[in-house]
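Please read the structure below before turning to the comments.
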Amino acid sequence: MDPRTNPYTPNAGAQPPVLAGRSSLLDNFSVLMNRLKAGRTDKSMVITGLRGVGKTVLLGVFRKNADDSGWVTLESEISKHDDMAFGKMIAKEMRRALFSLDPARKWAKRARRAAGVLRSFSLTVDPGGSLSVGLDVERMYGTADSGQLDSDLTDLFVALGEAAQEKGTGILLLFDEIHCLSLSQLEALIMGLHKCVQRSLPITLVGAGLPQTLELSSEAKSYSERLFSFPQIGALSADEAKYALIEPASHLGITFEESAIDFICEYTGGYPYFLQEYGKAVWNVSGGEMITLEDAKVAQSLVEHELDENFFATRISGATQLEYAYMRAMAELGDGPQLAGDVASLLDRTSPQVSPTRSNLIAKGQLYTPQFGYADFTVPQFARYLRRRGPLEVPKQRPKTGRDRVDEQLR
Ligand SMILES: Nc1ncnc2c1ncn2[C@@H]1O[C@H](COP(=O)(O)OP(=O)(O)O)[C@@H](O)[C@H]1O
Ligand SMILES: [Mg+2]
Numbered sequence: 001m002d003p004r005t006n007p008y009t010p011n012a013g014a015q016p017p018v019l020a021g022r023s024s025l026l027d028n029f030s031v032l033m034n035r036l037k038a039g040r041t042d043k044s045m046v047i048t049g050l051r052g053v054g055k056t057v058l059l060g061v062f063r064k065n066a067d068d069s070g071w072v073t074l075e076s077e078i079s080k081h082d083d084m085a086f087g088k089m090i091a092k093e094m095r096r097a098l099f100s101l102d103p104a105r106k107w108a109k110r111a112r113r114a115a116g117v118l119r120s121f122s123l124t125v126d127p128g129g130s131l132s133v134g135l136d137v138e139r140m141y142g143t144a145d146s147g148q149l150d151s152d153l154t155d156l157f158v159a160l161g162e163a164a165q166e167k168g169t170g171i172l173l174l175f176d177e178i179h180c181l182s183l184s185q186l187e188a189l190i191m192g193l194h195k196c197v198q199r200s201l202p203i204t205l206v207g208a209g210l211p212q213t214l215e216l217s218s219e220a221k222s223y224s225e226r227l228f229s230f231p232q233i234g235a236l237s238a239d240e241a242k243y244a245l246i247e248p249a250s251h252l253g254i255t256f257e258e259s260a261i262d263f264i265c266e267y268t269g270g271y272p273y274f275l276q277e278y279g280k281a282v283w284n285v286s287g288g289e290m291i292t293l294e295d296a297k298v299a300q301s302l303v304e305h306e307l308d309e310n311f312f313a314t315r316i317s318g319a320t321q322l323e324y325a326y327m328r329a330m331a332e333l334g335d336g337p338q339l340a341g342d343v344a345s346l347l348d349r350t351s352p353q354v355s356p357t358r359s360n361l362i363a364k365g366q367l368y369t370p371q372f373g374y375a376d377f378t379v380p381q382f383a384r385y386l387r388r389r390g391p392l393e394v395p396k397q398r399p400k401t402g403r404d405r406v407d408e409q410l411r
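Last residue of the sequence shown: 411 (my numbering), numbering continuous.
This is the structure:
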């Protein structure tokens with residue numbers, strides 16, 4: 001069919017034509033917004049899940065809903081920053097929030113105070129002063145200028161929360177890729193938000209990240225569970241997956257043969273990104289008003305090619321030989337979490353020998369640890385992809401040095 005009318009959206013963060021299976025999260029979000037605006041408190045959300053399950057899309061929908069209710073929304077994608085750079089990012093976002101609250105810069109009482117605190121915070125994280133341009137008020141000495149990220153950020157959040165309250169609105173921070181925060185940055189955010197909750201101020205954060213976010217949060221200050229709920233999202237159920245496929249086509253008068261739907265759902269495992277990729281391919285190959293099983297079978301190699309090129313390949317492009325072998329050995333052991341010891345023995349090595357490789361893969365966001373001793377891929381169906389690429393090749397060990405032998409004896 002005409003690719004120009006193809007309704008499917010296989011792109012990171014692209015709003016799908018129908019958002020399948022996320023209605024309870026949307027309800028929770030609406031309750032959160034309403035409660036905060038009414039001066040009540042509620043747990044905010046940190047959504048976790050594998051790549052391609054629809055976390056960024058959800059943040060986008062939350063943003064739109066909050067915008068429509070007159071909230072000030074700030075969207076950021078976290079990357080691995082030191083604390084200074086993180087502070088600058090926060091200062092930039094909060095500057096934007098303040099100017100949205102008070103575009104004419106007339107500075108009502110709380111807004112004026114917030115501008116002074118923001119100026120103080122900005123000059124602390126960016127002594128050059130470029131971030132405080134337009135903040136034409138005196139800096140607030142002694143507030144948000146200690147150089148301690150957690151207490152400065154708390155001062156800033158409280159000041160901005162009060163300014164928002166004065167205007168009868170709220171501030172929503174939407175942070176994507178939140179697993180990239182360092183522990184100290186997450187703790188600073190938690191501390192700032194905690195203070196705002198204590199004072200019933202309308203400022204909150206909704207985050208999204210890979211499953212390792214859960215581990216990071218449990219290492220952070222113990223009250224993170226009291227501030228956030230941690231909904232996990234994943235593959236869609238069979239009915240939801242069918243809806244995600246059928247509905248966009250039916251709006252354009254196109255139907256699916258039942259067996260075609262079953263074939264696609266089976267292949268994609270209900271993962272949203274895979275469904276969109278399959279929907280796009282099968283639409284393009286199909287010739288009639290009904291998409292058939294035959295179409296679905298023809299489209300499979302196209303889908304596989306697209307996924308390999310655009311989704312999977314980027315995940316191995318930066319891997320060292322041993323990192324690749326580690327992942328390939330995991331895939332050899334099957335789908336799902338694998339024990340570190342089993343992977344090591346398949347690579348003819350001891351666990352301590354490959355533990356730095358495993359840690360690197362975790363740090364790079366390729367793997368996470370669903371339970372102690374185990375690791376799994378952060379990309380769905382990655383094991384299947386690696387097996388498809390070729391057999392396991394165990395890298396030769398370099399010859400042992402004297403130092404290695406001493407280490408072995410000490411163990
Ligand atoms: N609920 C959903 N129903 C149908 N398609 C979805 C849904 N959520 C996401 N998608 C599609 O899945 C893909 C991945 O979404 P994205 O939000 O980028 O995932 P993540 O941020 O978890 O990696 C996109 O192509 C998007 O259009
Ligand atoms: Mg995303």
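Backbone N, C-alpha and C fix where the C-beta goes; we use that ideal spot for every residue, glycine too. Bear in mind the structure is a predicted one, so any value in this text is a computation, not a measurement.
query = Considering only residues of the region 275-351, which uninterrupted alpha helix (DSSP H) runs meet the minimum length of 4 residues and lie entirely inside it, listed in chain order?
reply = 293-307, 313-316, 321-333 and 340-346
query = Phe121 lies in the alpha helix (DSSP H); which residues open and close that run?
reply = Judged by DSSP secondary structure, Phe121 falls within the alpha helix (DSSP H) whose first and last residues are Lys109 to Val125.
task = Helix, strand or coil for Val354, going by three-state DSSP, please let me know.
result = helix
key: Beta-carbon proximity of Leu210 to Gly365, cut-off 8 Å   = yes
query = Excluding sequence positions up to five away, which residues of its chain have a Cβ less than 7 Å from the Cβ of Leu236?
reply = Ala20, Gly21, Ala244, Gly270 and Pro272
inquiry  = Please list the terminal residues of the continuous beta strand (DSSP E) segment that includes Thr204.
reply    = That run of the beta strand (DSSP E) goes Ile203 to Gly209.
query = Is Val303 near ligand 1, in the sense that its beta carbon is under 7 Å from a heavy atom of that ligand?
reply = No, the Cβ of Val303 stays beyond 7 Å of every heavy atom of ligand 1.
ask   = Taking the DSSP output, what are the residues bridged to Leu74?
value = Leu173
query = The alpha helix (DSSP H) with Met84 in it runs from where to where?
reply = Asp83 to Leu101
message = Just to confirm, is the Cβ distance from Ile261 to Ile246 under 8 Å?
response = yes
inquiry  = Tell me whether Tyr368, by its Cβ, gets closer than 7 Å to a heavy atom of ligand 1.
reply    = no
Own chain, CB closer than 7 Å to Leu386, minus 5 neighbours either side, in chain order = Met327, Arg328 and Ala331
ask   = DSSP state of Gln381, grouped into three classes?
value = Here Gln381 carries a coil assignment [DSSP, helix/strand/coil].
key: Segment contact, 8 Å Cβ cut-off, at least three pairs: the region 250-259 with the region 71-86   = No, the region 250-259 is not in contact with the region 71-86.
request  = Indicate whether at least one CB of chain B lies closer than 8 Å to the CB of Ala344.
outcome  = In the displayed structure, chain B is absent; only one protein chain is listed.
ask   = What first and last residue would you give for the beta strand (DSSP E) that runs through Thr48?
value = Unbroken beta strand (DSSP E) run through Thr48: Ser44 to Thr48.
request  = Using three-state DSSP, classify Leu367 as helix, strand or coil.
outcome  = Leu367: strand per DSSP, three-state reduction.
inquiry  = Between the alpha carbons of Pro3 and Gly253, how many angstroms are there, rounded?
reply    = One C-alpha to the other measures close to 15 Å.
inquiry  = Measuring only from the beta carbon, is Gly21 closer than 7 Å to any heavy atom that is part of ligand 1?
reply    = Ligand 1 approaches Gly21 closely enough that one of its heavy atoms is under 7 Å from the residue's Cβ.
Assigned secondary structure, Tyr267 (DSSP; H/G/I helix, E/B strand, else coil) = helix
inquiry  = Report the CB separation of Pro337 from Ala375 in whole angstroms; it is logged as a contact under 8 Å.
reply    = 7 Å
request  = Figure out for me which residue from Leu333, Thr401 and Pro103 has the closest Cα to the Cα of Arg384.
outcome  = The residue with the shortest Cα to Cα distance from Arg384 is Leu333.
ask   = Lys43 and Ser229 look like a contact to me (Cβ under 8 Å); what is the Cβ gap, rounded to whole Å?
value = About 5 Å separates the Cβ atoms of Lys43 and Ser229, confirming a contact at the 8 Å cut-off.
Nonlocal neighbours in the same chain, by C-beta distance under 6 Å from Gly279, ignoring five residues either side = Tyr8 and Leu245
task = Label Val31 either buried or exposed according to how many other C-beta atoms from any shown protein chain fall within 10 Å of its C-beta, with 16 as the threshold for buried.
result = exposed
ask   = When the Cβ atoms of the region 165-179 are set against those of the region 121-131, are three or more pairs found closer than 8 Å?
value = no
ask   = Counting Cβ pairs closer than 8 Å, one from the region 161-175 and one from the region 136-153, do we hit at least three?
value = no
ask   = If Glu393 and Ala325 are in contact, beta carbons under 8 Å, what's the gap, nearest whole angstrom?
value = 7 Å
inquiry  = Using the Cβ count rule (16 or more neighbours within 10 Å means buried), how would you classify Ala115?
reply    = buried
Ala249 (DSSP reduced to helix, strand or coil) = helix
inquiry  = With a threshold of 7 Å (Cβ to nearest heavy atom), would Arg4 be considered close to ligand 1?
reply    = no
message = Can you give me the C-alpha to C-alpha distance between Arg63 and Gln353, rounded to a whole angstrom?
response = 46 Å
message = Assuming Gly60 is part of the alpha helix (DSSP H), what are its boundary residues?
response = Lys55 to Asp68 is the span of the alpha helix (DSSP H), which, as asked, contains Gly60.
Given Val72 as reference, the closest of Lys88, Pro103, Met84 and Leu50 once Cα atoms are compared = Pro103
key: Nearest residue (CA-CA) to Gln165, options Leu59, Leu101, Ser317 and Met290   = Leu101
task = My understanding is that Arg139 touches Ser120, with C-beta atoms under 8 Å, so please give their C-beta distance in whole angstroms.
result = 4 Å
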